[in-house]
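In the numbering used here, the protein residues as written are 1103 to 1243.
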């Protein structure tokens, strides 16, 4: 998950991959696992809750594929406005549930961050340059 704040920034410098950032398309199971393990290093009490995801990444099918059932990896982005309100999108495909912007990683997405920025732009109309990543949530991607 990527957390971003909605503020004007001088430019999209955060779109450029960091040193060592995985740039496979779509992100590989090993890259997703690395992101999850980095998160779990900070939040070890959540390992049981993420056990199903870690197991899915070991299967011989594409964990990010839309047709991989009973479930597959998508990602969501938390956007927090300057007034501390959290952006939610009403999704018709889920019967109108209010969810954070997100979805599938597409072939043109070089990274999970790129996918997150694309989804926010598609679903909420907020361009990447209007977002500013918060440093404490950048998990080394």
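No residue lacks a Cβ here, since even glycine has one placed at the ideal position from N, Cα and C.
So for residue 1219, helix, strand or coil by DSSP? Per DSSP, reduced to three states, the secondary structure at residue 1219 is helical.
Am I right that residue 1152 and residue 1131 are in contact with their C-beta atoms under 8 Å? What's the rounded C-beta distance? Not really, about 14 Å apart at Cβ, beyond 8 Å.
Assign residue 1207 to buried or exposed, taking buried as 16 or more other Cβ atoms, counted over all protein chains shown, within 10 Å of its Cβ. Buried is the call here.
Nearest candidate by alpha-carbon position, reference residue 1194, set 1203, 1188 and 1138: Comparing Cα-Cα distances from residue 1194 to each of 1203, 1188 and 1138, the minimum goes to 1203.
So is residue 1143 buried or exposed if we call it buried at 16+ other beta carbons inside 10 Å? The residue is exposed, with fewer than 16 neighbouring Cβ atoms inside 10 Å.
Which of helix, strand or coil DSSP assigns to residue 1228: Coil, per DSSP.
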